[in-house]
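A short worksheet on the structure shown next.
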Amino acid sequence: MLSSRKLTNRRTFLNFLAASPILACAGFNSRWVDDLMAASVPAQDASAEQARNEVVIKSVKEALNVFDFDPVARRNLNIAHYTFITDGSFNNETLRANREGFTKYQIRLRRLSGITQVDQSVNLFGKKWESPIYFCPVGRMNAYYPNGAVVVARAAKATRTLQMLSASPTVLESPQGIEDAIAARGEPVWVSATGEAMQPDVIKRIEATGCPTLVWTVDDGGANTIGAKSIQLAGVADLDREADSRCTGCHSNLPKITRIQSTTPMDEMGAVGSLRGENSVKLSWDDVRRVRDLTRMKLILKGIVAREDAALAVQHEVDAVIVSNHGGHEDASARGTIECLPEVLAGAAGKIPVFIDGGFRGGADVFKALALGAAAVGIGRPHIWGLAAFGQEGVETVIALLRRELQVIMAQTGAASTTKIHGDSLIATG
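Everything in the sequence shown is counted per numbering that gives the first Met the number 0, starting at 0 for the first residue and increasing by one.
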């Protein structure tokens, strides 16, 4: 889009031409300038302007923050895969809310703290981690980088970062899917499964790997799923990727997808675009009790956003909860996870740890969650951007940047360790 100065200069020149007696003889008048200006400057959306002005870094050494990896990931990925990881469901109300929620808390800084070293370590279920930042489970990692889950596991090992591995169909159906990630990590990883997938055979499969902690994602509520939005944007006719030559090469080994349509009977839950049969709304706390009784692994419920559900999780002997809305992929609540955190903490009442993910992009964001009382903070899109941009080196750099930013804000608030981060460092603004 032309700048206001360029538009002014252009209009001045055209007015000069319009005053020419030669053009007047040809039948042009002063309205010709306005008509030409309106017709000759096509409207361009903000995304086009942003794409023209953004910096596309050429190496991880040029990155200043995690956002610098996004343009590289967009360049490297096809439009369907990029949309799948970046966009949200419904009208993106919840996706936006995850970021906007952080603006509702300000950080009180202290001066002259004398801090020269910061200890970011946290203790989770008796194990010490160097940082409270962990890798969220992300499904279908091969869409972003070859053998993506294993590459992230290598980065987790190199940075000594907690990894939650998604037991997506591509992982579970591979004979060594989980084991390959464990071998790359050098120790068992926490494994996440979704919704109705938590069946006895799946639990036994995960438990047999030595997994210490089972993460059950319970917030797949039947949105017009991001998978449907991504193939819609790619121009796949009737959202039928099985009939599209661009998709079948990679997706032919996955189960056929049947999506809910506007004509689907209303007795089947889910918005248009959701996968038929995949919907955790059908599940109940009886299912939580069933899963709890099936395994000795630590059990975490991922997707808790209300006080009442946190209290019920405690009653059902769940070991921890994660405040999460699937990165804005599954609901239209327009509530950011940082806004949900206080009431979930109240429901847990200090009896179990409360983790959180959703929209975290900087060390200050992480600090705010820790100050409110979160035990650990997960990142999803940022480490996938790093993965798609520069592979393992990109993932490791994303973690390094976030840790560096967290170190700075901790020192600026006088918190030499995570145990010294307290709620009085925050001011709620609305």
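Idealized CB from N, CA, C, for every residue including glycine.
Cα-Cα separation between N434 and D219, rounded to whole angstroms: The structure shown does not extend to residue 434, since the chain is modelled only from 0 through 429, so no value can be given for it.
Whole-angstrom C-beta distance between S273 and N223, which should lie under 8 Å: Here residue 223 is taken as the residue at index 224 of the sequence shown, counted from 1. Here residue 273 is taken as the residue at index 274 of the sequence shown, counted from 1. At roughly 7 Å, the Cβ-Cβ gap stays under 8 Å, so N223 and S273 are in contact.
C-beta contact flag for Y133 and L386 at 7 Å: As a first step, residue 133 must be located in the sequence shown, where it is residue number 134. As a first step, residue 386 must be located in the sequence shown, where it is residue number 387. The answer is no: Cβ separation not under 7 Å.
Cα-Cα separation, Q105 to V322: Working through the sequence shown from its first residue, we reach residue 105 at position 106. Working through the sequence shown from its first residue, we reach residue 322 at position 323. So the alpha carbons of these two residues sit roughly 21 Å apart.
F68 vs A388 beta-carbon contact at 7 Å: On the sequence shown, position 69 is the one that residue 68 refers to. On the sequence shown, position 389 is the one that residue 388 refers to. It is a contact, given that the beta carbons lie within the stated cut-off.
Bridge partners - L300, DSSP secondary structure assignment: Looking up residue 300 in the sequence shown gives position 301. According to DSSP, which records beta bridges pairwise, L300 is partnered with W215, V320.
D356 burial status per 10 Å Cβ neighbour count (16 or more: buried): What you label residue 356 is simply residue 357 of the sequence shown in a count that begins at 1. Buried: at least 16 other Cβ atoms inside 10 Å.
Runs of alpha helix (DSSP H) wholly within the stretch 69-122 (minimum 4 residues, chain order): Within the stretch 69-122, the complete alpha helix (DSSP H) runs of at least 4 residues fall at 78-85, 92-99.
For F66, the first and last residue of its enclosing beta strand (DSSP E): Position 67 of the sequence shown, counting from 1, holds the residue named residue 66. F66 -> no beta strand (DSSP E), and no H or E assigned at all.
Which residues DSSP lists as bridging G125, in chain order: Along the sequence shown, one-based indexing puts residue 125 at 126. Assignment of beta-bridge partners to G125 by DSSP yields no partner.
Proximity to E338 [Cα-Cα], best of N77, R95, D200: Along the sequence shown, one-based indexing puts residue 338 at 339. Measuring from the Cα of E338, the nearest candidate turns out to be R95.
DSSP three-state assignment for M409, whether helix, strand or coil: For this step, residue 409 is matched to residue 410 along the sequence shown. Correct three-state label for M409: helix.
Other residues of its chain near N64: CB distance less than 8 Å, five sequence neighbours each side excluded: If you number the sequence shown from 1, residue 64 lands on position 65. Beyond the five residues adjoining it in sequence on each side, N64 comes within less than 8 Å, by CB distance, of R360, G361, L400, E404 in the same chain, given in chain order.
For A331, the first and last residue of its enclosing beta strand (DSSP E): Working through the sequence shown from its first residue, we reach residue 331 at position 332. From DSSP, A331 is part of no beta strand (DSSP E); its letter is neither H nor E.
Terminal residues of the beta strand (DSSP E) in which G377 lies: Counting from one through the sequence shown, the residue named residue 377 turns up at place 378. Per DSSP, G377 is one residue of the beta strand (DSSP E) stretching across 375-378.
Assigned secondary structure, I355 (DSSP; H/G/I helix, E/B strand, else coil): The residue you call residue 355 lines up with position 356 of the sequence shown. Looking at I355 - three-state DSSP - the assignment turns out to be strand.
Cα-Cα separation, R184 to A152: Your numbering for residue 184 matches position 185 in the sequence shown. Your numbering for residue 152 matches position 153 in the sequence shown. Answer to the nearest angstrom: the Cα atoms are 5 Å apart.
Candidates P352, L369, A373: closest to G125 by CA position: The sequence position of residue 125 within the sequence shown is 126, counting from 1. If we check each option's Cα against that of G125, P352 comes out closest.
Burial state of D237 (16 or more Cβ within 10 Å): Here residue 237 corresponds to residue number 238 of the sequence shown, with the count starting at 1. That one is exposed.
According to DSSP, residues forming a beta bridge with M163: In the sequence shown, residue 163 corresponds to position 164, counting from 1. W189.
Nearest-angstrom Cα separation, counted from V121 out to S167: The count along the sequence shown starts at 1 and reaches residue 167 at position 168. The count along the sequence shown starts at 1 and reaches residue 121 at position 122. So the two alpha carbons sit approximately 28 Å from each other.
Alpha-carbon to alpha-carbon, I225 and S332: Numbered from its first residue, the sequence shown carries residue 332 at position 333. Numbered from its first residue, the sequence shown carries residue 225 at position 226. Counting only the Cα atoms, I225 lies some 16 Å from S332.
6 Å Cβ shell around I408 - same chain, five flanking residues per side excluded: Looking up residue 408 in the sequence shown gives position 409. G362, A363, F366, listed in sequence order.
Bounding residues of the alpha helix (DSSP H) (the contiguous stretch that carries A427): If you number the sequence shown from 1, residue 427 lands on position 428. Segment 425-427 is the beta strand (DSSP E) holding A427; no alpha helix (DSSP H) there.
Residue burial classification, G377 (beta-carbon count within 10 angstroms, cutoff 16): Taking the first residue of the sequence shown as 1, we reach residue 377 at position 378. Buried, since its Cβ has 16 or more Cβ neighbours within 10 Å.
Contact set for G147: own chain, Cβ-Cβ below 7 Å, skip 5 residues either direction: Stepping through the sequence shown from its first residue, residue 147 is reached at position 148. Excluding the 5 residues flanking it on each side, G147 has same chain C-beta neighbours closer than 7 Å at M140, N141, L386, in chain order.
First through last residue of the beta strand (DSSP E) which encompasses I181: Looking up residue 181 in the sequence shown gives position 182. Looking at the DSSP string, I181 is not in any beta strand (DSSP E); the run it does join, the alpha helix (DSSP H), is 176-184.
Beta-carbon proximity check, K199 vs L293, cutoff 7 Å: Along the sequence shown, read from residue 1 onward, the residue named residue 199 stands at position 200. Along the sequence shown, read from residue 1 onward, the residue named residue 293 stands at position 294. According to the sequence provided, residue 199 is Pro. The question's Lys does not apply to it. Closer than 7 Å, so yes.
Beta-bridge pairing of F430 - partner residues as DSSP gives them: No statement about residue 430 is possible, as the shown extent of the chain runs from 0 to 429 and does not include it.
T209 versus W189, A373, A196, K103, residue with shortest Cα-Cα distance: One-based indexing of the sequence shown puts residue 209 at position 210. Per the sequence shown, the amino acid found at residue 209 is Gly instead of Thr. Ranking the options by Cα distance to G209, first place goes to W189.
Pair within 7 Å by beta-carbon distance, I256 and A79: The count along the sequence shown starts at 1 and reaches residue 256 at position 257. The count along the sequence shown starts at 1 and reaches residue 79 at position 80. No. Outside cutoff.
Reference A432, options A207, C246, K103, A242, closest by Cα: Only positions 0 to 429 of the chain appear in the structure, and residue 432 is not among them; the question remains open.
Straight-line Cα distance separating I114 from A72: Within the sequence shown, numbered from 1, the residue matching residue 72 stands at position 73. Within the sequence shown, numbered from 1, the residue matching residue 114 stands at position 115. For A72 and I114, the distance between alpha carbons rounds to 37 Å.
Proximity below 7 Å, CB of G176 to CB of G221: Counting from 1 along the sequence shown, the entry for residue 176 is found at position 177. Counting from 1 along the sequence shown, the entry for residue 221 is found at position 222. Result no, Cβ atoms of G176 and G221 do not sit closer than 7 Å.
Helix, strand or coil at I420 [DSSP, three-state]: Position 421 of the sequence shown holds residue 420. The answer is coil: DSSP assigns I420 none of H, G, I, E or B.
With 16 other Cβ atoms within 10 Å as the buried cut-off, status of K228: Walking along the sequence shown from the start, residue 228 turns up at place 229. Looking at its Cβ environment, which holds 16 or more other Cβ atoms inside 10 Å, K228 is buried.
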